Amino acid sequence: MALRTVSIRRRRLAIFMVSTALASSMGAMGTGQAQEATAAPAASAISSIDIPAQPLDQALRAFTRLTGWQVGYASALVSGRTSSAVAGETNPLSALRALVVGSGIEVRVTGARTVSLVAAEVIDEAAAAGTTVLEEITVSSSGGGVKLGTDSAADTGTTVMDSTQVGVRTSSADANSFLRGLPNVQYQDDTNDNAGVEGQAILNTKPQEVSISGGRTYENNFILNGIGINTITGTEEPYQTNYGELSDDDAAYNADRIYGLHSQTVFVPTDFVDSATVIDSNASARYGSFQGGVVAYELKQSTTDRWRATASVEYESDSMVQYNLATEDGLNPNDVKEPEFYKKKKAFSVSGPVTDNVSVIGQYSVTDAWTNKAKNYIYGDEYVQSESKNEFFRLQANAETDFGLFKLEGIHTDYYQDFESDNYRDLEIDTATQTYAGKLENSYDFEDFSLGGVPLSNVSLTSKITASKSDALNLGGDDIVRNWQSTYFRSGVRVFETSMLDWCRIDPTSTTSTSCREGGMGSERGQGQERYTWSQDLAGDVWSGTFRTGYEFGYTQAHRRRAQDYVNYTYRVAASYSGTPNLWQNGNGIKTFTCNTTEECYSEQFAASKAVYKAYDITAQIMQANSYLELDQTFDWLNIRPGVRLDYDDFQGNLNIAPRLVATVRPMEELSISGGYNRYYDAANLAYAIRDQQPRVITYSRTPSSTGVVGNFTTTPTQTYYAFDATDLKTPFTDEFTAAITFTDPLTAGDWRFRYMHRSSRDQYSSATPTSTSYVLTNNAEGSYDSFTAEYAKELPTAAWNPAENSLLSASITWADRNVSADSYFVDEDDLDERISYKGMSYTQAGFNAVTGNMDIPLRAQVGLTGSFFDERLTLGLSANYNFAYDGVADSGDTEDIDGIEHEIWEDKAFDAVLTVDLSGSYKVASMDDHGLTLNFKVVNLFNELGNATAEDGQPWVIGRTLWVGASAEF
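Add 60 to the 1-based position in the sequence shown for the numbering used here, that's all there is to it.
Okay, structure coming up:
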């Protein structure tokens, strides 16, 4: 443990650095992702606290359960010590001091309801030397791992969860899945009529996409250890053919789109998460570039006392899931078999000190998935084997020096998912995401000083450089696809059958013309981004509370490319020509061709058309600058947090000013009432810029002569390009109004939080499509979001009715109504080709969404319960999600013609209530000192609930109950 002193020279340097940071943040613009401000300690009410003498670590856990305070301490400090008894009416601070009296431990107050424990002799030695001691602590909290808010009274829209709660609430190795049970988070599609599971969905182990507080899935701000991990190159595609992701249902694929795009560039594994902070409203001014919510993950830090290691494995397979036939009629006419698959997850972590002031941590996790599927009959009897691999690497070094704490960190995501079509001989479109991200960070704590006559204390400056590079790739193998004619029918009679394709079988049951396809979808397509940032954040105590200010400069270069020209050939046979020329002649004409060309011509059939997709490489750049300033001040019963944030980028050239304000009154100690107004601006998006001037497909054709002679392609179409215009636009923004009441009820001593939120979104992006190949980005879309939430968290006491040693109950209920006129920046609100008929009225998709509220689930409830037993050897967690019944609308599957335009017919539909329950558990089968072996399990959808979604005949199976099993070890 290093001791630090600050010389006069360093103090002058410190004042200079603070002045520079303040001046920069006022004159420049920046973002901040700094640590939480520490509120000044507040007095606590007198209450009855009874804790008998016992081992000190157990007494401290009892103290946190009874008082709600957080206590930080080094594990070795309390090991083997016994507490004193406390009984009677007292306040928490006095009770804690009484617990440790005579133990050689001192209590140090660090916040309103937070303290740390330090050995008394260490404090005496430090005082004599004039130095500051930094203790490594572990935190015990009565919240049991779920904290509604932070030390700031303004953070009524913030929820913080520790690693245990994140682990209990996740359904897989994906950390994002813990978000499912939180208020204002939407992730379900209750109207899905094609919910049947298929191979690509099984293989997909990327993070779950979620909507927070009405925002689109790509409008959140995800942060990992202070590094932004958001995709700014766009995750939507405008090309209507196969609009969704790769699926085994598809028989054709779009060579213009890039599959596998995701809103996050780094995929965070659950095993390494230390805490997760979710902000759905009243976000601090240091957070920007979002219209949904903020999710900040903190990964586990390096240990400084000794070397430690952990390892874990988990497994799931088709034999451990319950398949359910989910077609509307309950039939399986195609006799589709349940998919076979497995998923294996492994994680390793090693951490420890290198020197007295340097420690490191290295982490690696991998999730492997496998499945298979049968090829179409015409391609033989073989099964296609498909795999995915999701790897995460992390290495971090921390160094405590006289100039502060330095952190050097590198993170790498390597994701790969292969796809082979069952409707082609050998077509592959393998998707990959490869990201490298790193940072160099310095945190420096200053001695108290004055600046311009204003006294400042507990001031810290965080300076940070980040760099990241991310690519989403489609690796498709061959640059040519051939669509061969295998059979040709006339009037229900087969008049042609190929003899040149020995790999293509003829389906004897088929009564229509068929094709056999081979080739790939291009050797490489992809899009990506490189991003570099420099930021500084300054925080400390001033006047009656705290201040925080900071800035950030960023540069991003984005690209989109196709490495080689891609060609798609379509073949015809002589029997298909009955017009001009008429080679058929009622079966008496020419049967073969004469080739006067070397390009894709054979006597049996020739390529009558070819589609050429030209190679391209498009780049775009953006410079960004942001800054913010925020105060958090408490005046007796009033707390106020005013802030302002400025954002600028040179792509659209807008200077965006976002005010933030939250005011809180505290009429009594355990009750606070808050109101807030905040504005959030959308992040810069280069989706249009990197698609502008992407070459359109060129189609060539040729026709044989009347004698069957085939020549070269002679037509020379003009090369045209897609046009994506995103100039002279305003930045989309959302205005938010909030009200909140938080209190601790005297009956259960649990924490309650009631909230109302209204969001109004303006200048939202949508598209105008004046032609089929031109897209003009507009600010014509709008939206709104309203929600009421009630939340409760309480660590339950051990009692006759509750044998658990540490148990936490958390619950919430949320009503929400979301209305947006465009679900994507590629939606044309006035598109006459995408119309909906509802109750005899004609709607655009935008107008219909405004009427129906986007079919969100309006009322949801969540309950979580965790507990440990048998000296914490057994841990159990239960989480339940209940969707109340509601009336909505659904696509009937029928169409009708209104004024010459085809309309999809939508009808009213009653959606049933749905209850899903997950159960997780772990049991430590062996333990010695800090070593141990634990068995783990997780049951997702315990009661095998299907919900309201249905499946189609092609993919009729829906996965219900799922079991994961695994083990973990500590060394």
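We put the CB at the ideal spot given by N, CA and C, even for glycine. Computed from a predicted model, the values in this text were never measured in an experiment.
Determine the burial state of residue i: buried for a count of at least 16 other Cβ atoms within 10 Å of its Cβ, exposed for fewer.
i, result
"K405", "buried"
"L715", "exposed"
"N699", "buried"
"T774", "exposed"
"M581", "buried"
"G205", "buried"
"S139", "exposed"
"G203", "At G203, the pLDDT of 45 sits below 50, so the modelled position is not reliable; the number obtained from the coordinates is stated separately. It counts as buried."
"A876", "buried"
"T1022", "buried"
"W861", "exposed"
"F332", "buried"
"H991", "exposed"
"L359", "buried"
"I958", "exposed"
"L208", "buried"
"S980", "buried"
"Y825", "buried"
Which one or two residues does DSSP pair with residue i in a beta bridge?
i, result
"I421", "S411, Q456"
"I750", "Note: I750 sits in no beta bridge, so no partner."
"Y631", "A667"
Compare the beta carbon distance of residue i and residue j with 9 Å and say whether it is the shorter of the two.
i, j, result
"G927", "L868", "yes"
"E149", "I106", "yes"
"V418", "W367", "no"
"I540", "Y631", "no"
"N280", "V355", "yes"
"Y402", "L465", "no"
"F666", "E660", "yes"
"Y942", "V923", "yes"
"S847", "P243", "yes"
"N436", "D1013", "no"
"G1020", "Q382", "yes"
"N978", "K998", "Looking at the sequence itself, residue 978 is Asp, so the reference to Asn does not match. Their beta carbons are under 9 Å apart, which means D978 touches K998 by this criterion."
"T174", "Q114", "no"
"Q351", "P267", "no"
"A723", "Y740", "no"
"A336", "V226", "yes"
"A492", "G320", "yes"
"T593", "F607", "no"
"V326", "T495", "yes"
"Y782", "S834", "yes"
Compute the beta-carbon to beta-carbon distance between residue i and residue j, rounded to the nearest angstrom, for a pair I have assumed lies under 8 Å.
i, j, result
"D625", "A668", "The Cβ separation is near 20 Å, so there is no contact."
"T679", "Q617", "6 Å"
"N996", "S987", "Going by Cβ atoms, the distance from N996 to S987 rounds to 15 Å, so no, they are not a contact pair."
"A1011", "T293", "At roughly 33 Å, the Cβ-Cβ gap does not stay under 8 Å, so A1011 and T293 are not in contact."
"G552", "Q1015", "About 30 Å; that fails the 8 Å criterion."
"S341", "G217", "3 Å"
"R822", "E842", "6 Å"
Assuming residue i is part of the beta strand (DSSP E), what are its boundary residues?
i, result
"P515", "514-535"
"T724", "715-728"
"V333", "333-339"
"Q351", "First-last for Q351: undefined, no H or E at that position."
"M683", "676-695"
"A800", "793-804"
"N656", "Segment: none, N656 is in no beta strand (DSSP E) and carries neither H nor E."
"R822", "811-831"
"L706", "698-709"
"L938", "934-943"
"Y476", "464-477"
"W603", "First-last for W603: undefined, no H or E at that position."
So the alpha helix (DSSP H) residue i belongs to, where does it begin and stop?
i, result
"L153", "152-159"
"I262", "259-263"
"T363", "That residue, T363, is in no alpha helix (DSSP H); it is neither H nor E in DSSP."
"V228", "223-229"
Would you say the beta carbon of residue i comes nearer than 8 Å to a heavy atom of the ligand MG?
i, result
"D316", "For the ligand MG, the structure offers nothing, since it holds no ligand at all."
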